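Each residue of the sequence shown is one higher than the last, beginning at 8 in my numbering. We put the beta carbon where it would ideally sit given N, CA and C, even for glycine. Only a predicted model underlies this, so the values are computations on that prediction, with no experimental measurement involved.
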Amino acid sequence: ATVNRELAVLSHLLNKALEWRWLKAMPAKIRRFREGPGRIVYLTKEQCVRLEAAAAQDQNENVHAFILVGLRTGMRHAEILSIKREHIDLERRVIWIPKAKAGAREQPITADLANRLAQRLAMLPPGCPWLFPSPGSLAGNAHTIRKAFRRSVVRAGLDPDQITPHTLRHTVVTHLLQAGVDLPTVQRISGHKTLVMVARYAHQSGAHIQAAMSQLDARLRKAEQGGQKEAS
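1. What residues in its chain sit with their C-beta under 7 angstroms from that of residue 205, if we drop five residues either side in the sequence?
2. Could you pull the DSSP bridge partners for residue 96 from this structure?
3. Straight-line CA distance for residue 207 to residue 201?
4. Is residue 155 near the ligand FAD, in the sense that its beta carbon is under 8 angstroms from a heavy atom of that ligand?
5. Skipping 5 residues on each side, what residues in its chain have a beta carbon closer than 8 angstroms to that of residue 47?
6. Who pairs with residue 13 in a beta bridge, going by DSSP?
7. State the Cα-Cα distance for the pair residue 227 and residue 159, rounded to the nearest angstrom.
8. Leaving out the 5 sequence neighbours to the left and right, which residues in its chain are closer than 8 angstroms to residue 141 when beta-carbon positions are compared?
9. Could you pull the start and end residues of the beta strand (DSSP E) that residue 195 belongs to?
10. Hey, would you say residue 121 sits closer than 9 angstroms to residue 100, going by beta carbons?
11. Determine which residues share a DSSP beta bridge with residue 148 and list them.
12. Could you say which of 166, 162 and 168 lies nearest to residue 71 if we only look at CA atoms?
13. From residue 94 to residue 221, what distance separates their C-alpha atoms?
14. Do residue 173 and residue 83 have their C-beta atoms within less than 9 angstroms of each other?
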């Protein structure tokens, strides 16, 4: 993956050189390596609590709300920061995402998040259209929160090289599947374009896998015991 990122930069530079007429022709065709699916990093429930508590202590007031939304919706980094007041329907408990990656959609939210959003909206300056305002932004909203997020990760005692804003999305999908939610419903919540994209999370190991195997073991043992009784 790292090599492919570097090749992508090189390809971009060569294309710019052609555009600016510094080169007459592309000197070589850059082929990227095929990448595997990679390991999906997600937070445990205990780590989620630690991260939220750490973010609440940060000087950036947006980062705590960002993490609250991320861990309760699975929305993407840019989708969260682009939320406007008019996009939030507290009564129906949905957030409208006009520019979602897989097309415009409604994002369902929990009752707890709806209450928290109501509190945040009440605290925003009158007339502020953004949920995550930024005075230094021409558009008026924050476009990134990576620095504050990284500080919060470190404060929570987690690895900032492993835990990124996108980890929140991985966490939501993984926890939903671990809770036994079916793939189509998870897809509806997460906004993934295909079921295949959701299914790649289903292989995650953990306590829920062992619990499922224990249930299988119990069923087989019960069947064996029943067979022994009939034989006797």
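The short version:
1. The residues are 180, 190, 193, 194, 197 and 199.
2. Partner(s): 101.
3. 11 angstroms
4. In the structure on display, the ligand FAD does not appear, and there are no ligands present to speak of.
5. 177, 181, 207, 208 and 211
6. Residue 13 pairs with nothing; no bridge assigned.
7. 47 angstroms
8. 69, 147, 148, 149 and 150
9. Here residue 195 belongs to no beta strand (DSSP E); instead the alpha helix (DSSP H) covers 190-197.
10. The answer is yes: Cβ separation under 9 angstroms.
11. 140
12. 162
13. 44 angstroms
14. yes
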